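In what follows, a single structure is set out as structure tokens and then discussed.
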Amino acid sequence: MSEATPHTVVVLAGGISHERDVSLRSGRRVADSLAERGHRVILRDPDASLLQFLDETRPDVVWPALHGASGEDGALRALLDALDIPYVGSTSDPSRLAWNKPTAKVLVSRAGLQTPRSITLPRDTFRELGATEVLARVSASLGTDLVVKPAQGGSALGVGIIDSADDLPRAVVDAYTYGDVALIEQRVRGVEVSVGILDLGDGPFALPGVEIEPRSGVYSFEARYNAGETRFFVPARLDDETSQLAGETALRIHETIGLRHISRIDLIIDDAGVPWFLEANVLPGLTETSMVPQGILATGRSLGEVYGTLSEVAIAEAAAGR
1024 MSEATPHTVV
1034 VLAGGISHER
1044 DVSLRSGRRV
1054 ADSLAERGHR
1064 VILRDPDASL
1074 LQFLDETRPD
1084 VVWPALHGAS
1094 GEDGALRALL
1104 DALDIPYVGS
1114 TSDPSRLAWN
1124 KPTAKVLVSR
1134 AGLQTPRSIT
1144 LPRDTFRELG
1154 ATEVLARVSA
1164 SLGTDLVVKP
1174 AQGGSALGVG
1184 IIDSADDLPR
1194 AVVDAYTYGD
1204 VALIEQRVRG
1214 VEVSVGILDL
1224 GDGPFALPGV
1234 EIEPRSGVYS
1244 FEARYNAGET
1254 RFFVPARLDD
1264 ETSQLAGETA
1274 LRIHETIGLR
1284 HISRIDLIID
1294 DAGVPWFLEA
1304 NVLPGLTETS
1314 MVPQGILATG
1324 RSLGEVYGTL
1334 SEVAIAEAAA
1344 GR
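For what it's worth, my numbering labels the leading residue of the sequence shown as 1024, then goes sequentially.
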């Protein structure tokens, strides 16, 4: 999207999820980047008047910068389709698949890619079968070096890293704070790398991988969004072969799930150089400390250029009926 062809872009940010503050930061950065390129940008917090507003104003394109369920579970995207308004990002069904981490893991595993062994534990099962017995069986099956996380959600909210069976009950309860289903995974040790995927009109490609080194040893919510809490290396400190494999793996996952325009694939690269899939992000964080913007800047592109081009692609695809 060039400065000679400005468009009206509605950037949606905020919402009512646990990730509201992060969404506001992402949305503001997207809005500022687009405005600097000469586009008319309306930054909007979704509310009961949003759909009527969009139907009446008919913007050229919507940029959903909503993190959490309000922007990533597919519901909003289905409504935008119903309004026949172009939008940046994945369509409804793939968004729903990626939002549910256990479902995404099944799809990735069936594609022949590695993802940690896991058990998905709904809250009702935890209660009905007895917490002590259930968690004893989980430990017997997966061991005690584990990661516990909500089956849906992002920003590391509700994620627990444990290395003792004694810590498992508390971690599962913490995960239930953010949803009714917990995902318990074997912990894979290695280099944590996030790979952004973009499609600027000529097909999807992988951005340089971003290596994550949190000072605390755990990439928590605080480590993600507080400057100085995490060291990032762009590109990741991997040899050329491993770096290429990580990018190819992320691209395959993006295509396997059916994602569109922009995504972020989180991986762990083990000591043998094997990438292990952790999760796919339909709308990755776009704050000043987020990985996808770092990957974009590492290619020599500006954020405004990329965000504008994604808007242009969304408009063109909608006009072509795709």
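Positions of the beta carbon are idealized from the N, C-alpha and C atoms, including for glycine. All figures in this text were calculated on a predicted structure; none of them were measured in a lab.
**Report entry** Entirely enclosed alpha helix (DSSP H) segments - the segment 1084-1172, minimum 4 residues
**Finding:** 1092-1095, 1098-1106, 1115-1122, 1124-1133, 1146-1151, 1154-1165
Query raised in the report: Are the beta-carbon atoms belonging to V1111 and V1033 less than 8 Å from one another?
Result: In the sequence shown, residue 1111 corresponds to position 88, counting from 1. In the sequence shown, residue 1033 corresponds to position 10, counting from 1. Not a contact, by the Cβ cut-off of 8 Å.
Requested in this report: Compare the C-alpha of G1226 against each of S1266, T1114, R1283 and name the closest.
Outcome: Position 203 of the sequence shown, counting from 1, holds the residue named residue 1226. Looking at the Cα atoms, R1283 is the closest of the given residues.
**Report entry** Whole-angstrom C-beta distance between E1234 and F1255, which should lie under 8 Å
**Finding:** Stepping through the sequence shown from its first residue, residue 1255 is reached at position 232. Stepping through the sequence shown from its first residue, residue 1234 is reached at position 211. Confirmed, about 7 Å.
Requested in this report: Would you kindly check if the distance between the Cβ of R1212 and the Cβ of I1184 is under 8 Å?
Outcome: Position 161 of the sequence shown holds residue 1184. Position 189 of the sequence shown holds residue 1212. In this structure, R1212 does not lie closer than 8 Å to I1184 by Cβ.
Requested in this report: To the nearest angstrom, report how far apart R1238 and G1344 are at their CA atoms.
Outcome: Within the sequence shown, numbered from 1, the residue matching residue 1238 stands at position 215. Within the sequence shown, numbered from 1, the residue matching residue 1344 stands at position 321. So the two alpha carbons sit approximately 47 Å from each other.
Query raised in the report: Are the segment 1278-1298 and the segment 1129-1147 in contact at 8 Å, needing three or more beta carbon pairs?
Result: yes
Query raised in the report: In the DSSP assignment, what residue or residues form a beta bridge with E1011?
Result: In the structure as shown, the chain starts at 1024 and stops at 1345, and residue 1011 therefore has no counterpart that could be examined.
Report task. Go ahead and label D1096 buried or exposed: buried means 16 or more other beta carbons lie within 10 angstroms of its beta carbon, across all protein chains shown. Result -> Locating residue 1096 in the sequence shown gives position 73, counting from the first residue. It counts as buried.
Query raised in the report: Closest to V1297 by CA distance: which of Y1330, G1091, D1262, G1331 is it?
Result: What you label residue 1297 is simply residue 274 of the sequence shown in a count that begins at 1. Of the listed residues, the one whose Cα sits closest to V1297 is D1262.
Query - Local conformation of L1320 per DSSP, three classes - result: Within the sequence shown, the letter at position 297 stands for residue 1320. Helix, per DSSP.
Query raised in the report: Are V1257 and I1207 close, meaning C-beta to C-beta below 8 Å?
Result: Position 234 of the sequence shown, counting from 1, holds the residue named residue 1257. Position 184 of the sequence shown, counting from 1, holds the residue named residue 1207. No, Cβ-Cβ distance for V1257 and I1207 is not below 8 Å.
Query raised in the report: the ligand GTP heavy atoms versus the CB of T1155: any closer than 7 Å?
Result: Questions concerning the ligand GTP fall outside what the structure shown contains, since it holds no ligand whatsoever.
Query raised in the report: Name the DSSP beta bridge partners of L1035, please?
Result: The count along the sequence shown starts at 1 and reaches residue 1035 at position 12. Its beta-bridge partners are R1067, P1087.
Query - Candidates A1036, P1109, D1197, of which the one nearest E1335 by Cα - result: Indexing the sequence shown from 1 puts residue 1335 at position 312. Answer by Cα proximity: P1109.
Query raised in the report: Is Y1330 near L1047, with beta carbons less than 8 Å apart?
Result: Translated into positions along the sequence shown, residue 1330 becomes position 307. Translated into positions along the sequence shown, residue 1047 becomes position 24. For Y1330 and L1047, no; Cβs fall outside 8 Å.
Query raised in the report: Assuming S1286 contacts S1113 under a Cβ cut-off of 8 Å, what Cβ separation, rounded to an integer in Å, is found between them?
Result: Position 263 of the sequence shown, counting from 1, holds the residue named residue 1286. Position 90 of the sequence shown, counting from 1, holds the residue named residue 1113. Contact flag correct, Cβ pair sits at about 7 Å.
Report task. Run the CB neighbour count on L1106, radius 10 Å, all protein chains shown included, and call it buried at 16 or more, exposed below. Result -> Here residue 1106 refers to the residue found at position 83 when the sequence shown is read from its first residue. Label assigned to L1106: exposed.
Query raised in the report: How long is the line joining the alpha carbons of T1332 and N1304, rounded to whole angstroms?
Result: Residue 1332 sits at position 309 when you count from the first residue of the sequence shown. Residue 1304 sits at position 281 when you count from the first residue of the sequence shown. Going from the Cα of T1332 to the Cα of N1304 covers about 20 Å.
Query raised in the report: Would A1174 pass as a contact of P1125 if the rule is Cβ separation under 8 Å?
Result: For the purposes of this step, residue 1174 is taken as residue 151 along the sequence shown, with counting starting at 1. For the purposes of this step, residue 1125 is taken as residue 102 along the sequence shown, with counting starting at 1. Against a cut-off of 8 Å, the Cβ pair of P1125 and A1174 comes out as a contact.
Query raised in the report: Among R1067, R1146, S1049, G1318, which has the Cα closest to the Cα of I1220?
Result: Counting from one through the sequence shown, the residue named residue 1220 turns up at place 197. Selected option, being the one with the closest Cα: G1318.
Query raised in the report: DSSP on A1188, reduced to helix/strand/coil?
Result: The residue labelled residue 1188 in the question sits at position 165 within the sequence shown. In this structure, A1188 counts as helix in the three-state DSSP scheme.
Report task. Taking P1316 and L1306 to be in contact with their CB atoms under 8 Å, please state how far apart those CB atoms are, rounded to whole angstroms. Result -> In the sequence shown, residue 1316 corresponds to position 293, counting from 1. In the sequence shown, residue 1306 corresponds to position 283, counting from 1. At roughly 13 Å, the Cβ-Cβ gap does not stay under 8 Å, so P1316 and L1306 are not in contact.
**Report entry** Endpoints, the beta strand (DSSP E) within which Q1209 is located
**Finding:** Here residue 1209 refers to the residue found at position 186 of the sequence shown. Per DSSP, Q1209 belongs to the beta strand (DSSP E) from 1204-1209.
Query - CB contact check: A1105 to chain B, cutoff 8 Å - result: Absent here is chain B; the protein component of the structure consists of one chain.
Query raised in the report: Does DSSP put T1200 in a helix, in a strand, or in coil?
Result: Residue numbering aside, residue 1200 sits at position 177 when the sequence shown is read from its first letter. In this structure, T1200 counts as coil in the three-state DSSP scheme.
**Report entry** Given Y1199 as reference, the closest of D1186, D1147, T1155 once Cα atoms are compared
**Finding:** Your numbering for residue 1199 matches position 176 in the sequence shown. Ranking D1186, D1147, T1155 by Cα distance to Y1199 puts D1147 first.
Query - Buried or exposed (CB count within 10 angstroms, at least 16 for buried), R1160 - result: The residue given as residue 1160 occupies position 137 in the sequence shown. R1160 is exposed by the Cβ-count criterion.
**Report entry** Own chain residues within Cβ distance below 7 Å of T1310, not counting five before or after
**Finding:** Position 287 of the sequence shown, counted from the start, is the residue given in the question as residue 1310. Cβ neighbours of T1310 beyond the five flanking positions: V1045, R1048, S1049, R1052, Y1248.
Query - Neighbourhood of P1082 by C-beta, 6 Å cutoff - its chain only, sequence neighbours within 5 removed - result: Taking the sequence shown and counting its residues from 1, the one referred to as residue 1082 is at position 59. T1031, V1033, listed in sequence order.
**Report entry** Where the beta strand (DSSP E) through S1313 begins and ends
**Finding:** What you label residue 1313 is simply residue 290 of the sequence shown in a count that begins at 1. From DSSP, S1313 is part of no beta strand (DSSP E); its letter is neither H nor E.
Query raised in the report: Across which residues does DSSP place T1253 in a beta bridge pair?
Result: What you label residue 1253 is simply residue 230 of the sequence shown in a count that begins at 1. P1237, per the DSSP bridge assignment.
Query raised in the report: Around the Cβ of A1339, are there at least 16 other Cβ atoms within 10 angstroms (buried) or fewer (exposed)?
Result: Numbered from 1 along the sequence shown, position 316 holds the residue referred to as residue 1339. It counts as exposed.
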